[in-house]
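Read top to bottom, the protein sequences are chains V and B. My numbering puts the first sequence at residues 48 to 234. My numbering puts the second sequence at residues 1453 to 1993.
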Amino acid sequence: MAAPPIQQESEVVTARAERRWATVAVAVVVALAAVAGYAGIYHGALPQARVETADPTTLHLAGEFAEGNLGSALEPDGSVTVRAVGQEYSFTPQCMVVPTDALVTFRATSADVVHGFLIEGTNINTMLVPGYISQLSARFTTAGEHLMPCQEFCGAGHQGMWAKVKVVDRATFMDMSAKARRLSCVE
Amino acid sequence: MLSSRRLILAHFWLAFAVFGLAILLGAWQMWVRSPFSGWISNPEWYYRSVTEHGTVMGYVFPTLVAMGFGYAISEAALKRPLIGASWAWIGFGLVLIGAVMATVPVALGRASVLYTFYPPLIGSAYYYLGVVLVVVGSWIWVALMSINLWAWKRDHPGEPVPLAMFANVAGSLLWGWTAVGAALELILQILPVALGLRSTIDAGLARVFFSWTLHAIVYFWLMPSYIAFYTIFPRAIGGKLFSDTMARISFVLFLVVAMPIGAHHLFADPEVGSGFKFLHSVFTAAVSVPTLLTVFTICASAEIAGRLRGGRGAFGWIAALPWQNPLMLAVAFSFVMLGFGGAGGLINMSYQLNSSIHNTQWVTGHFHLIFAGAIVIMYFVIAYDLWPHLTGRAFADFGLMRVQLWLWFVGMIVVTFPWHYVGILGMPRRMAYYDYADPQLASEGLPVALSALGGLVLVASAALFLFILASNQRGSRTAPDEYRFSVAVHPPTSVPVALNGFALWLALMVGLTIINYGPPIVQLWAFDGVAVPAVYVGVER
């Protein structure tokens, strides 16, 4: 039994409107993914690419995250590496110092539970998961102080887990580096 | 009239009762961390409260709503009594026992690990067992929905499955599979440690398992609301559903793409490489397609109603809509909140933008706007629409309902917009105390205070909602007609096999999950030396 022509016509109109909208929706999604892919590959705006591990039970004994190696280190190429550990309920170092106008690489891990690593006023924001090393890079343009709260629930003392990041101008940082191998706000 | 009325009412009443308790905790949390309150004498209370609020609102409340609504849909759409009603009561009992079993250790401070578990923090085993019981109870519902559909199809070969039941079963299957991630985390990792059989746990792997559940659970919460958009709203405003086919496509798309995208919660995590994060990011973008299709179809359905009511011109049909009808109002509010929440969600899922708001109050604002806002406001009107069919009593006054919905909408905007704002400033989530005297935090005081006041508006709205439902018991008796769902403009006479069943979509759902989750899980499983000592909470150390 054929449907009356008027109904067929309205079905055609309906289907066309739907198809157009679906095309627009899919195009929006493809465009979003393409922009993310372009920024990721061309500008290197990616989350941490590699998975690195670190045993939290032996962090303090030897290796990269032993206490004497924590803090900011000036690398031969002029960049700066900051190593830090989070634990219930503080960071070590509790105040980090970094220079302006240099590539700064943060490498951090947790000694116990999951913590967060967030420098306010910047896009530096990552998780510290025990067993794994988090790494990200940044460049600071202006001197000043930033708060650095733990942004992930880590136990009953979570609300007290705040550190600081002090950005000093490059020359000051170089002077400090001449005196000590690893730097934090306390000299 | 529906024959399992007591079963359905039991689910809804338990759901709304625990919702009423948990919202008080939420409002207290907002107050106690705002500038209105000084130092909380024992911060551990705060984390108990957050754990309970999240456990109830995330696991118990929406699950019971989906179950009760699901049983109602099965009877009303298939026009036959529920098969397995006694099993359904067993499922209800398991949810009730599980909810109590999880709540007691939380209240005693033995499980302040938050509802997202966060191993290597480990709380009382009873907490996790309670959550497992809630999930197992809901899996009985998952099975019953498929059994009822199968029995109906056997008796009606070749006929299109009613849209409401099709969507309902899609939602149940989505939940059945998405809950597997958290179940694996609990059974393989957390419970052995909580029971003292092991003392170490791989926190990274646990986070990956949880992310499997963490995103698709939101689509499970959302399903009852979307079912109401498509199958109740057009009927309630005197219109017709624009397209039955598009509705089916939206629901199967949710089934397929809601699952394999959870790693966008792990963008900032060190245990997953950037490749799989990008893959999940792309799929997350794809999950906006069924929502965009829904917005189109529902707005078009509203336009049909507006024009049938005499609306003319490009916008005249909007004015002609029945704005006195609580369902009309709720869907409009829901769409506004879905729009803002969805836009925020695109920022969260963005591979790059995420880092500026990750784990800040922005995220809390986002999921409250989507879930507590766009989704829960529809739970309210689902109850309003269904209630007379369950109690056999009519509602006397729609004015109170409109007041309740307005309060919820305004309260939710006042709560969540400042939350988003302080998140951009970098305010971290889930802290019992913030020192607003610190110059760098001082600017967050005013928006946080405003937000806490919004919380009180929400409590008032929730109380009014419970009052409206309770006073229905004193309403005048009616003999309601058969419970009806929306009719499509072109009702389907036959539906392609693919859109009348789930075989293809289930295969895609499982296949995509294996592709997107298999390699990271296998890789993490194979790592040595990443099992870390458990940190027990709530015990003397």
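Backbone N, C-alpha and C fix where the C-beta goes; we use that ideal spot for every residue, glycine too.
Within-7 Å CB hit, residue i to chain B
| i | result |
| --- | --- |
| residue 174(V) | yes |
| residue 131(V) | no |
| residue 206(V) | yes |
| residue 179(V) | yes |
| residue 98(V) | yes |
| residue 163(V) | yes |
| residue 159(V) | yes |
| residue 155(V) | no |
| residue 110(V) | no |
| residue 87(V) | yes |
| residue 167(V) | yes |
| residue 134(V) | no |
| residue 103(V) | yes |
| residue 48(V) | For residue 48(V), the predicted structure reports a pLDDT of 44, less than 50, and the residue's modelled location is therefore unreliable. A value from the coordinates is still provided. Chain B, which has no Cβ nearer than 7 Å to the Cβ of residue 48(V), makes this no. |
Backbone secondary structure at residue i - three-state DSSP
| i | result |
| --- | --- |
| residue 1892(B) | coil |
| residue 226(V) | helix |
| residue 1703(B) | helix |
| residue 150(V) | strand |
| residue 143(V) | strand |
| residue 162(V) | strand |
| residue 1729(B) | helix |
| residue 1682(B) | helix |
| residue 1786(B) | helix |
| residue 1816(B) | helix |
| residue 105(V) | coil |
| residue 138(V) | strand |
| residue 1883(B) | coil |
| residue 1711(B) | coil |
| residue 1980(B) | coil |
| residue 1903(B) | helix |
Option in the options with minimal Cα separation from residue i
| i | options | result |
| --- | --- | --- |
| residue 1796(B) | 1541(B), 1764(B), 1812(B) | 1812(B) |
| residue 1658(B) | 1670(B), 1645(B), 1501(B) | 1645(B) |
| residue 78(V) | 1896(B), 1497(B), 1733(B) | 1733(B) |
| residue 220(V) | 140(V), 137(V), 211(V), 127(V) | 127(V) |
| residue 1623(B) | 1597(B), 1612(B), 1604(B) | 1597(B) |
| residue 1511(B) | 1649(B), 1960(B), 1566(B) | 1566(B) |
| residue 1900(B) | 1476(B), 1881(B), 1918(B), 1845(B) | 1881(B) |
| residue 1419(B) | 1903(B), 1550(B), 1930(B) | For chain B, the structure presents residues 1453 to 1993; residue 1419(B) sits outside this window and is missing. |
| residue 1938(B) | 1686(B), 1559(B), 1676(B), 1537(B) | 1686(B) |
| residue 1468(B) | 1921(B), 1947(B), 1523(B) | 1921(B) |
| residue 1916(B) | 1475(B), 1459(B), 1460(B), 1461(B) | 1475(B) |
| residue 1682(B) | 1754(B), 1662(B), 1730(B), 1738(B) | 1754(B) |
| residue 123(V) | 181(V), 196(V), 102(V), 150(V) | 150(V) |
| residue 1873(B) | 1454(B), 1858(B), 1817(B) | 1817(B) |
| residue 1666(B) | 1506(B), 1988(B), 1539(B) | 1506(B) |
| residue 1694(B) | 1561(B), 1824(B), 1615(B), 1961(B) | 1615(B) |
| residue 1709(B) | 1720(B), 1677(B), 1664(B), 1722(B) | 1664(B) |
Proximal chain B residues relative to residue i, where beta-carbon distance stays under 8 Å
| i | result |
| --- | --- |
| residue 203(V) | 1495, 1496, 1499, 1564, 1989 |
| residue 197(V) | 1880 |
| residue 70(V) | By Cβ distance, chain B contributes nothing, its closest Cβ being about 11 Å from residue 70(V), past 8 Å. |
Residue-chain proximity (residue i, chain V), Cβ-Cβ < 7 Å
| i | result |
| --- | --- |
| residue 1952(B) | no |
| residue 1810(B) | yes |
| residue 1993(B) | Residue placement at residue 1993(B) is poorly supported in this model, since its pLDDT is 45, which falls under 50; the coordinates are not used for a value here. |
| residue 1883(B) | yes |
| residue 1738(B) | yes |
| residue 1803(B) | yes |
| residue 1421(B) | Examination of residue 1421(B) is not possible in this model, given that chain B is present from 1453 through 1993 alone. |
| residue 1723(B) | yes |
| residue 1744(B) | yes |
| residue 1510(B) | no |
| residue 2028(B) | Past the edges of chain B, shown from 1453 to 1993, lies residue 2028(B), and the structure says nothing about it. |
Under 7 Å by beta carbon: chain V residues contacting residue i
| i | result |
| --- | --- |
| residue 1481(B) | The premise fails here: residue 1481(B) is roughly 12 Å from chain V at the closest Cβ pair, so nothing lies under 7 Å. |
| residue 1698(B) | 65 |
| residue 2068(B) | Missing from the structure shown is residue 2068(B); chain B here goes from 1453 to 1993 and no further. |
Beta-ladder partner(s) of residue i, from DSSP
| i | result |
| --- | --- |
| residue 121(V) | 127(V) |
| residue 209(V) | 196(V) |
Interface partners of residue i on chain V, CB under 8 Å
| i | result |
| --- | --- |
| residue 1942(B) | 54, 57, 58, 61 |
| residue 1572(B) | 159, 160, 161, 177 |
Partner residues on chain V for residue i, Cβ-Cβ distance less than 9 Å
| i | result |
| --- | --- |
| residue 1903(B) | Those do not exist, as residue 1903(B) stays about 18 Å from chain V at its closest Cβ, beyond 9 Å. |
Contact list for residue i against chain B, beta-carbon separation under 7 Å
| i | result |
| --- | --- |
| residue 95(V) | 1722, 1726 |
| residue 80(V) | 1734, 1737 |
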